[in-house]
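*Asks:* To convert, take the position in the sequence shown, counting from 1, and add 377; that gives the numbering used here.
Each residue gets a CB set at the ideal place from its N, CA and C atoms; glycine is no exception.
Submitted below is the structure of interest, expressed as structure tokens.
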Amino acid sequence: MIEITIDNKTVEANEGETVLQAALRNGIEIPHFCYHPCLSIAGNCRVCLVKVDGRPKLMPACNQTVAPNMVVETEAPEVQSARAAVMQFIMLNHPGDCGICDKAGECRVQEYQFKYGMAEPISIEPKHHKKKFNYLSERIVLDNERCILCSRCVRFTREVSKSAQLGIVERGSHSYVARLDAQPFDDPYSDNVLGICPTGALLSREFMYKSRVWYLEPVRSVCTRCARGCSVNVWRRKKHWYVRSLGEEKNITAYRISPLENPEINGRWICNTGFDLHKFMARPRAMAPMMAGNTVTVDEASAEANRLLAGATNPAIILSAHASNEELQAFKEKLSPRVQVYTREDYCPAEGEVVEDDLLIRADKNPNSYSVHAMFGQKAFSAAAGHDVVIVWGDQVDYTSLGNAKIIHLTSYAPEQETRADVLLPISTTFERSGTFCNFEGKTNRFEQVFDKPKLVQHASDLFGRL
Ligand code: SF4
Ligand code: SF4
Ligand code: FES
Numbered sequence: 378m379i380e381i382t383i384d385n386k387t388v389e390a391n392e393g394e395t396v397l398q399a400a401l402r403n404g405i406e407i408p409h410f411c412y413h414p415c416l417s418i419a420g421n422c423r424v425c426l427v428k429v430d431g432r433p434k435l436m437p438a439c440n441q442t443v444a445p446n447m448v449v450e451t452e453a454p455e456v457q458s459a460r461a462a463v464m465q466f467i468m469l470n471h472p473g474d475c476g477i478c479d480k481a482g483e484c485r486v487q488e489y490q491f492k493y494g495m496a497e498p499i500s501i502e503p504k505h506h507k508k509k510f511n512y513l514s515e516r517i518v519l520d521n522e523r524c525i526l527c528s529r530c531v532r533f534t535r536e537v538s539k540s541a542q543l544g545i546v547e548r549g550s551h552s553y554v555a556r557l558d559a560q561p562f563d564d565p566y567s568d569n570v571l572g573i574c575p576t577g578a579l580l581s582r583e584f585m586y587k588s589r590v591w592y593l594e595p596v597r598s599v600c601t602r603c604a605r606g607c608s609v610n611v612w613r614r615k616k617h618w619y620v621r622s623l624g625e626e627k628n629i630t631a632y633r634i635s636p637l638e639n640p641e642i643n644g645r646w647i648c649n650t651g652f653d654l655h656k657f658m659a660r661p662r663a664m665a666p667m668m669a670g671n672t673v674t675v676d677e678a679s680a681e682a683n684r685l686l687a688g689a690t691n692p693a694i695i696l697s698a699h700a701s702n703e704e705l706q707a708f709k710e711k712l713s714p715r716v717q718v719y720t721r722e723d724y725c726p727a728e729g730e731v732v733e734d735d736l737l738i739r740a741d742k743n744p745n746s747y748s749v750h751a752m753f754g755q756k757a758f759s760a761a762a763g764h765d766v767v768i769v770w771g772d773q774v775d776y777t778s779l780g781n782a783k784i785i786h787l788t789s790y791a792p793e794q795e796t797r798a799d800v801l802l803p804i805s806t807t808f809e810r811s812g813t814f815c816n817f818e819g820k821t822n823r824f825e826q827v828f829d830k831p832k833l834v835q836h837a838s839d840l841f842g843r844l
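Written as structure tokens, this is what we have:
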């Protein structure tokens, strides 16, 4: 550690880090567009200029390494006027169309222009127009006019996802971000650029115009689409912005998913499958208990499940690798001594899906196989074992693979063979309960409840107490 002075305050800095990193770590704000902690230093936006004692000119804080006894000023009059000039330059051709921009409310250009920009524009030239609604892929639209050419998105595809599918072409005020050889931007991690773009240039086509971001709030969750178990934020409507009449389904809609920084598990990134988690969770639900295809009450369905289990001579259960650690524990305490336990992979890689890579994506498409195997071993169901009652815990399963057994199905989503289960009990999804999963490395990750569960849906851990 070395000591430096920033704005008359002595702060500790790590040897080799930059003035910007030391300032941010010590709670001192220096504006920055092109700097990102996980990307190389580009030093192209110049909004981070600071005064360093002994230097003839202002220095970019993102590219200035700390030195012992360095004295830095971030609010000196010349720094303030340089920042205002940089904002003036950035806004020169920026359309300033915040009123119709999805990024409004979480846009760095908007924030810095308000804080550091000049009150009045001084340019008398007309703005230089570029392409709006430049569809980079099915998922992402680029507004080249709003782009400030910070190159964060370009560096992401070169340094993190390694697809190198984005670049900056042409020169001067004609420069713009473009796809490689006009190919689709189909990088499996492409949606991360939506979050790192400091302005409204890169937007999600799916989320576009769905909601103003100040109506929403994030809830900590875990992506259930593979055994990496990345930390994510699920964005729901804030309670005081609830829709009270038409469109009440908006109150229980997950609007978007974004990465939640977790250095132990996923760093700052997730894959596109994780960005689609809310769509995966929005599939048709199993909403009411059923017996042989007929809707019944929860009590009737539980009583029938109990009757089947009490009369069974050789009952079994197929565990879900989507169950939380807490649910597995509840099952272990309340039901496991009475049944033969089998395990399965609820989900396998879909056609065309990236099975596994070196960055995050894992071949096991379930979030908690680690705990299932650690607590109950690994044994696939066999119809030849002659079970007379089988509890299936989890989504889709081919009932015909269960032999002649009576079926008690605990599922969150409507199974295709719905009418064939002797008893079907709807259970809550990850968004409707809190708990923990252990990822493929055994690292525990917590998810919080996002929405209340529907009335007739039960938590699996409660059901085990009733069976
Ligand atoms: S699109 Fe966004 S992230 Fe990419 S260069 Fe432009 S402003 Fe930066
Ligand atoms: S790597 Fe796996 S856990 Fe992470 S976001 Fe992608 S699918 Fe989800
Ligand atoms: S953040 Fe330093 S030059 Fe852009």
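My guess is that residue 779 and residue 760 are in contact by the Cβ rule of under 8 Å, so how many angstroms apart are they, rounded?
*Replies:* The residue you call residue 779 lines up with position 402 of the sequence shown. The residue you call residue 760 lines up with position 383 of the sequence shown. Confirmed, about 6 Å.
*Asks:* Which residue's Cα is closest to the Cα of residue 541: 547, 557, 766 and 395?
*Replies:* Translated into the one-based positions of the sequence shown, residue 541 becomes position 164. Nearest option by C-alpha distance: 557.
*Asks:* Note down, in chain order, each residue of its chain lying with its Cβ closer than 7 Å to the Cβ of residue 893, except the 5 sequence neighbours on either side.
*Replies:* Not covered by the structure: residue 893. The range shown for the chain is 378 to 844.
*Asks:* Can you check DSSP and say which residues form a bridge with residue 436?
*Replies:* Counting from one through the sequence shown, the residue named residue 436 turns up at place 59. Per DSSP, 427.
*Asks:* Return the bridge partner residues of residue 671 from the DSSP annotation.
*Replies:* As a first step, residue 671 must be located in the sequence shown, where it is residue number 294. BP columns for residue 671 point to 668.
*Asks:* Residue 807 and residue 815: beta carbons closer than 7 Å?
*Replies:* Here the question's residue 807 lines up with position 430 in the sequence shown. Here the question's residue 815 lines up with position 438 in the sequence shown. Cβ atoms of residue 807 and residue 815: not closer than 7 Å.
*Asks:* For the segment 728 to 748 against the segment 825 to 844, are there 3 or more C-beta pairs whose distance is under 8 Å?
*Replies:* Touching, no, given that fewer than three Cβ pairs across the two stretches are closer than 8 Å.
*Asks:* With the cut-off set at 7 Å, would you say residue 350 and residue 549 are in Cβ contact?
*Replies:* No statement about residue 350 is possible, as the shown extent of the chain runs from 378 to 844 and does not include it.
*Asks:* Residue range of the alpha helix (DSSP H) that residue 837 falls in?
*Replies:* The residue you call residue 837 lines up with position 460 of the sequence shown. Residues 837 to 843.
*Asks:* Ligand 1 heavy atoms versus the CB of residue 555: any closer than 6 Å?
*Replies:* The residue you call residue 555 lines up with position 178 of the sequence shown. Residue 555 Cβ: outside cutoff for every heavy atom of ligand 1.
*Asks:* With a cut-off of 7 Å, give the chain-ordered residues whose Cβ is closer than this to any heavy atom of ligand 3.
*Replies:* Spelled out in chain order, the answer is 397, 409, 410, 411, 412, 419, 420, 421, 422, 423, 424, 425, 437, 438, 439, 440 and 527.
*Asks:* Assuming contact is defined by CB atoms lying nearer than 7 Å, are residue 695 and residue 721 in contact in what I supplied?
*Replies:* Residue mapping note: residue 695 aligns to position 318 of the sequence shown, counting from 1. Residue mapping note: residue 721 aligns to position 344 of the sequence shown, counting from 1. It is a contact, given that the beta carbons lie within the stated cut-off.
*Asks:* Under a Cβ-count criterion, where at least 16 other Cβ atoms within 10 Å of its own Cβ denotes burial, should residue 755 be classed as buried or exposed?
*Replies:* Along the sequence shown, one-based indexing puts residue 755 at 378. Classification of residue 755: exposed, given that the 10 Å Cβ count is below 16.
*Asks:* To the nearest angstrom, how far is it from the Cα of residue 468 to the Cα of residue 600?
*Replies:* Stepping through the sequence shown from its first residue, residue 468 is reached at position 91. Stepping through the sequence shown from its first residue, residue 600 is reached at position 223. Looking at the two C-alpha atoms, the distance is approximately 38 Å.
*Asks:* Where DSSP assigns a beta bridge to residue 786, which residues make up the other side?
*Replies:* Translated into positions along the sequence shown, residue 786 becomes position 409. Paired residue(s): 769 and 801.
*Asks:* Per DSSP, what are the beta-bridge partners of residue 556 in this structure?
*Replies:* By one-based count along the sequence shown, residue 556 stands at place 179. 543, per the DSSP bridge assignment.
*Asks:* Checking the sheet assignment: what are the DSSP bridge partners for residue 525?
*Replies:* Your numbering for residue 525 matches position 148 in the sequence shown. DSSP, once it has assigned bridges, lists no residue as partnering residue 525.
*Asks:* Among the candidates 681, 706, 660 and 385, whose CA atom is the shortest distance from the CA of residue 667?
*Replies:* Working through the sequence shown from its first residue, we reach residue 667 at position 290. Looking at the Cα atoms, 681 is the closest of the given residues.
*Asks:* Any heavy atom of ligand 2 closer than 6 Å to the beta-carbon of residue 737?
*Replies:* As a first step, residue 737 is located in the sequence shown; it is residue number 360 there, counting from the start. Yes - ligand 2 has a heavy atom lying nearer than 6 Å to the Cβ of residue 737.
*Asks:* With three or more C-beta pairs closer than 8 Å as the rule, is the segment 623 to 637 touching the segment 567 to 584?
*Replies:* Judged by Cβ distances under 8 Å, the segment 567 to 584 makes contact with the segment 623 to 637, as three or more pairs qualify.
*Asks:* Please determine whether the Cβ atom of residue 525 lies at a distance below 6 Å from any heavy atom of ligand 1.
*Replies:* Reading the sequence shown from its first residue, position 148 is the one you call residue 525. Result yes, Cβ under 6 Å from ligand 1.
*Asks:* Would the segment 612 to 627 and the segment 583 to 596 be scored as touching if the rule is three or more Cβ pairs under 8 Å?
*Replies:* They touch, by the three-pair rule.
*Asks:* Does the distance from the C-beta atom of residue 427 to that of residue 438 stay below 7 Å?
*Replies:* Position 50 of the sequence shown holds residue 427. Position 61 of the sequence shown holds residue 438. Against a cut-off of 7 Å, the Cβ pair of residue 438 and residue 427 comes out as a contact.
*Asks:* Can you tell me whether DSSP reads residue 386 as helix, strand or coil?
*Replies:* In the sequence shown, counting from the first residue as 1, residue 386 sits at position 9. Residue 386: strand per DSSP, three-state reduction.
*Asks:* Considering only DSSP beta bridges, list what residue 636 is partnered with.
*Replies:* Along the sequence shown, read from residue 1 onward, the residue named residue 636 stands at position 259. BP columns for residue 636 point to 609.
*Asks:* Is residue 575 helix, strand or coil when you go by DSSP?
*Replies:* Along the sequence shown, one-based indexing puts residue 575 at 198. Coil at residue 575, not helix or strand.
*Asks:* Go ahead and pull the three-state DSSP assignment for residue 596.
*Replies:* Locating residue 596 in the sequence shown gives position 219, where the first residue counts as 1. Strand at residue 596.
*Asks:* Please state whether the Cβ-Cβ distance between residue 738 and residue 648 is less than 7 Å.
*Replies:* Here residue 738 is taken as the residue at index 361 of the sequence shown, counted from 1. Here residue 648 is taken as the residue at index 271 of the sequence shown, counted from 1. Yes, these two residues count as a Cβ contact at 7 Å.
*Asks:* Given this structure, state the Cα-to-Cα distance separating residue 797 from residue 707, to the nearest angstrom.
*Replies:* Counted from its first residue, the sequence shown places residue 797 at position 420. Counted from its first residue, the sequence shown places residue 707 at position 330. Distance between the alpha carbons of residue 797 and residue 707: 27 Å.
*Asks:* If I follow the unbroken beta strand (DSSP E) through residue 450, where does it start and stop?
*Replies:* The count along the sequence shown starts at 1 and reaches residue 450 at position 73. Looking at the DSSP string, the run of the beta strand (DSSP E) that includes residue 450 is 448 to 450.
*Asks:* Measuring straight from C-alpha to C-alpha, what distance separates residue 462 and residue 424?
*Replies:* For the purposes of this step, residue 462 is taken as residue 85 along the sequence shown, with counting starting at 1. For the purposes of this step, residue 424 is taken as residue 47 along the sequence shown, with counting starting at 1. For residue 462 and residue 424, the distance between alpha carbons rounds to 9 Å.
*Asks:* Let's see if you can read the secondary structure: which residues bound the alpha helix (DSSP H) around residue 650?
*Replies:* In the sequence shown, residue 650 corresponds to position 273, counting from 1. Here the alpha helix (DSSP H) through residue 650 covers 649 to 652.
*Asks:* For residue 565, which residues of its own chain have a beta-carbon under 6 Å away from its beta-carbon, when the five flanking residues on both sides are left out?
*Replies:* For the purposes of this step, residue 565 is identified with residue 188 of the sequence shown, where counting begins at 1. These residues qualify, in order along the chain: 648, 649 and 731.
*Asks:* Where residue 436 and residue 398 are concerned, what is the direct C-alpha to C-alpha distance, given to the nearest angstrom?
*Replies:* The count along the sequence shown starts at 1 and reaches residue 436 at position 59. The count along the sequence shown starts at 1 and reaches residue 398 at position 21. Straight-line Cα distance between these residues: approximately 14 Å.
*Asks:* Can you tell me whether residue 781 is buried or exposed, with buried defined as 16 or more other CB within 10 angstroms of its CB?
*Replies:* Locating residue 781 in the sequence shown gives position 404, counting from the first residue. Exposed.
*Asks:* With distances taken from CA atoms, which of 487, 805, 553 and 684 is nearest residue 659?
*Replies:* The residue you call residue 659 lines up with position 282 of the sequence shown. Ranking the options by Cα distance to residue 659, first place goes to 805.
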